[in-house]
Each structure stands twice: as C-alpha cells, then as structure tokens.
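Engineer: Counted from 1, the sequence shown has number 177 at position 177 by the UniProt record's numbering; the numbering is strictly sequential.
Even glycine gets a Cβ: it sits at the ideal position worked out from N, Cα and C.
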Amino acid sequence: MPQPYSQVRAMLAITKASLKATFRSPQSIFFSLFFPIVLIWIFGSLGGNGAPKVDVAWEKGVDSNNLVSKALLHNPVLHFVDENKKDVEDELRKGRVTAVISVTRHRDTAQHAPYDIHLRTSPAAQKDFGLLISALNSSIAGIDNTTYANRPTIATVSQTMIEGGRRYRMIDFFLPGMIGFSLIGAAVFGIAFSFYSLRETLVLKRMYSTPVKKQYIILGESLAKVLFQLMTVVVLIAFGYYGYHFTLANGFFTFMDMIFLSFLALLVFMGFGFFITGIAKNQNVIPIYANLFMFPQYFLSGTFFSKTALPAFLQPIIQFLPLTALNDAMRNVAFEGASLSSCWPQVLILSVWGIFIYAITARVFRWE
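#1: What is the C-beta distance between L340 and A265, in whole angstroms, given that I count them as a contact (C-beta under 8 Å)?
#2: What is the DSSP secondary structure of I288, reduced to helix, strand or coil?
#3: Between T254 and the rest of its own chain, which residues show a CB-CB distance below 8 Å, the 5 nearest in sequence each way excluded?
#4: With DSSP as the reference, identify every bridge partner of T104, one or two as the case may be.
#5: If you drop the 5 nearest sequence neighbours on each side, which residues of the same chain put their C-beta closer than 6 Å to that of G302?
#6: Tell whether a beta-carbon distance below 7 Å holds between S69 and V103.
#7: Pull up the CB-CB distance for L78 and A135, whole angstroms please, since I reckon it's below 8 Å.
#8: Buried or exposed: F313, going by 16 or more other Cβ atoms within 10 Å of its Cβ?
#9: Quick one: residues in its chain with C-beta nearer than 6 Å to the C-beta of G48, no 5 flanking neighbours on either side, listed in chain order?
#10: Need the endpoints of the alpha helix (DSSP H) that Q315 sits in, please.
#11: With distances taken from CA atoms, which of R93, A141, R199 is nearest T160?
#12: Does A249 come out as helix, strand or coil in the three-state DSSP assignment?
#13: Since L67 and I143 are thought to touch, with beta carbons under 8 Å apart, how far apart are those beta carbons, to the nearest angstrom?
#14: Closer than 8 Å is the cut-off here; do at least three beta carbon pairs connect the stretch 170-178 with the stretch 193-203?
#15: Any idea what DSSP makes of F80, helix, strand or coil?
#16: Within the same chain, show all residues whose beta-carbon is closer than 6 Å to that of Y244, passing over the 5 residues directly before and after it, in chain order.
#17: Give the single residue among P345, A329, V157, T147 whose Cα lies nearest to the Cα of L132.
#18: Which residues mark the beginning and the end of the alpha helix (DSSP H) in which Q346 is found?
Here it is as structure tokens:
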C-alpha cells in the first residue's frame, strides 16, 4: 500500500533547498550579515576613542598653567592647534578653528567668578560651537565638583564674535556630501549595470563588429552618463542655493569649480564601474562589489557627518579615499572660496585613483 504523500516532508525539503540557496547567494550574506557588521563597527567607533573633536587655539600669551587651563587641556573633546601658526586668524575666519581661547583671572572674586574663559569666534565657526560650549561647561563642572565644591562656579564663559567671515549653515556641509553621494552611486552602479547588460545581451559585441572603433563606443555611452550626472549636480546646487542659501563664495566661478570637481570625480567613479563590469561573473554580484567600494566611503568620507567624529587611527586612511577628496575640495571651494590650485592635494588624490583604476580596468574589461 503506497505511503500517503507527506506535505510536511515536502515543505521541509523545500525549506532545506531554499536555505542552501540563500547561503550560496553572495547578496544575502552581504546585506544580511557583512553590511550590518560594517555599520555597527562604524557607528560604534563614534563613541569612546571616536569622540568628536573641536579645533581651538590659545590666545598668544595666555596662562596655560592655571587650574582652568589645565582642565581644558585635558578635555578629550578639545584639540588645540599650534598657537604659533601664522594663519590661525585666517583659520578662525574660515571656520576651521572654532574659537581662540583665553583664560584670565579676576581679582575681584566677590563680584565675579575667579576665572573667565573668553572665546573669540566667527560666523563661519558655528558648526561646532555648541559642542565647544558643552565641553567647556563639562570642564568647569568637573572642577566645581572636586576642588571647588560648595562654592560658586570657578569660571564663566564669555564670547566675542569677530567681524567678517561667512555665516555657516548646515546646508554648506550637507550639500557637497549629497553631491558626492549622488555621483558615486550613479557612476558606479550606472556603469556597472548598463555595460554588463550590454555585454550579456551581445549589444557590445554587435557594436564591436561595426566600423565604429571600440573606444568611441565606450566614450559615447560614458559621455551620456557624464552629461546626465552633471545636469543633476547643477540642479542640486541650484536647489541648495535658491532654497536654502547654500554658499557659493565666488559666485559663478565657484559654481564652475564645483562642476569641474564633479566631472573629475565622475571619471574616477566610472572607472570603478568599468572595473566591476569586467570582473563580475553574473549580475547578482554587481551590487556586492559596488557596495564594498561605496558604503565604507559614505560613512568614512564626511558625507553625512564630520570625519573628526571617527577614531584617530582611521584619519590617515580616510584622507586618501576618493570620496573624501571630493567632499573636502567641494566644501573648501564652495564655502571658503578656495581656488582649484589650492585644492591640489584633493585633485591629486582623485587623479591618482583615476590612473590606478583605469590601468587595472584595461586588463579586466571584456567585450564578450
């Protein structure tokens, strides 16, 4: 007598087969396990040794040996730049230094706290000013709770806003990052998927059999994507400028500098798209390779938050990432009014990445 068909056994067999297929899928492993681990590591690094830093400087001749000054020196949030730096005033006006600090002692302690922490800041330095005030209050509270208990506070904080400098808005930080976010995603994914599809559907092979030289086939496809992405950059800048008062320090010239940087970065990022097309065995691995290149840079290159929030040991590595170079150059040009020549380190980093990736891509790119 035949055994009755077991629906449960069939269900378990399907479950087993599907589970095996899932474990054999690189996409499932990447997005379910590897990618969350990377994000946990990155955001976990924002605490502890990854506490954000605020760049400040001492006023010349300040007494750094008194109780309050020593407490500020030991505050992990405050990073004191070289006080002998000739351009510290210029750094303050550009917002690279949040404040110049002086600590003075009051003789009349009956009317005033024993010490006054005076800050000279600028409109351009307001991005981290709230964090600076919190750090100063933390140092003052630490002294009050230990050596100055049961008495009025040991120090007060005062400030002076210097004239000149541009008002720093959050859009001045976020818009360059969003442009970089848009460019790297569209260039890498757009090139990788489109050229892989053209190759697998034999369109590239048929094009190759025409009188058109193969380099012109690639240039034609690439030029269309470059033009589209540059139009996207124009729209993003216009939206930020007219909608949220994004700073274009030198007007039209700054706009053109940003377009040039976008063009250079696009060429580099497209190179990675071509590389992925060349090494991809099937369409399913393209998102994995692309995300391995892009996602670490989204979080390490100052796209969504300042790089100073990341651990110190990562900083030397971060500086050489292509998206970091683009973000830094964009912000320097847009807000500070820097020229392209003064952004030569970032331009050089992008250029070296471009030469490197196209040299490798030339060896792995396939027409069939």
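Structural biologist: In terms of the structure at hand:
#1: In the sequence shown, the residue the question calls residue 340 occupies position 340. In the sequence shown, the residue the question calls residue 265 occupies position 265. Not a contact, Cβ separation roughly 13 Å.
#2: Numbered from its first residue, the sequence shown carries residue 288 at position 288. In the structure shown, I288 sits in a helix (DSSP, three-state: H, G or I).
#3: On the sequence shown, position 254 is the one that residue 254 refers to. The residues are L248, V333, A334, G337.
#4: On the sequence shown, residue 104 is found 104 positions in, with the first residue counted as 1. DSSP, once it has assigned bridges, lists D116 as partnering T104.
#5: Working through the sequence shown from its first residue, we reach residue 302 at position 302. Here the set comprises N327.
#6: Within the sequence shown, residue 69 is the residue found at index 69, counting from 1. Within the sequence shown, residue 103 is the residue found at index 103, counting from 1. Yes, they are a contact pair.
#7: Taking the sequence shown and counting its residues from 1, the one referred to as residue 78 is at position 78. Taking the sequence shown and counting its residues from 1, the one referred to as residue 135 is at position 135. So it is a contact: roughly 6 Å between Cβ atoms.
#8: As a position in the sequence shown, residue 313 is number 313, starting the count at 1. Answer is exposed; the Cβ neighbour count stays below 16.
#9: Here residue 48 refers to the residue found at position 48 of the sequence shown. Note on G48: pLDDT 48, under 50, position unreliable in the model; no value is reported.
#10: Numbered from its first residue, the sequence shown carries residue 315 at position 315. Q315 -> alpha helix (DSSP H) spans 315-318.
#11: Here residue 160 refers to the residue found at position 160 when the sequence shown is read from its first residue. That would be R93, whose Cα lies nearest to the Cα of T160.
#12: The count along the sequence shown starts at 1 and reaches residue 249 at position 249. Of the three classes helix, strand and coil, the one that applies to A249 here is coil, per DSSP.
#13: By one-based count along the sequence shown, residue 67 stands at place 67. By one-based count along the sequence shown, residue 143 stands at place 143. Yes, L67 and I143 are in contact; Cβ-Cβ is about 6 Å, under 8 Å.
#14: no
#15: Numbered from 1 along the sequence shown, position 80 holds the residue referred to as residue 80. If DSSP states are grouped into helix, strand and coil, F80 belongs with the strands.
#16: Numbered from 1 along the sequence shown, position 244 holds the residue referred to as residue 244. Excluding residues within five positions, the ones whose Cβ falls inside 6 Å are I171.
#17: Working through the sequence shown from its first residue, we reach residue 132 at position 132. For the residues P345, A329, V157, T147, the minimum Cα distance to L132 belongs to V157.
#18: Counting from one through the sequence shown, the residue named residue 346 turns up at place 346. Q346 -> alpha helix (DSSP H) spans 344-364.
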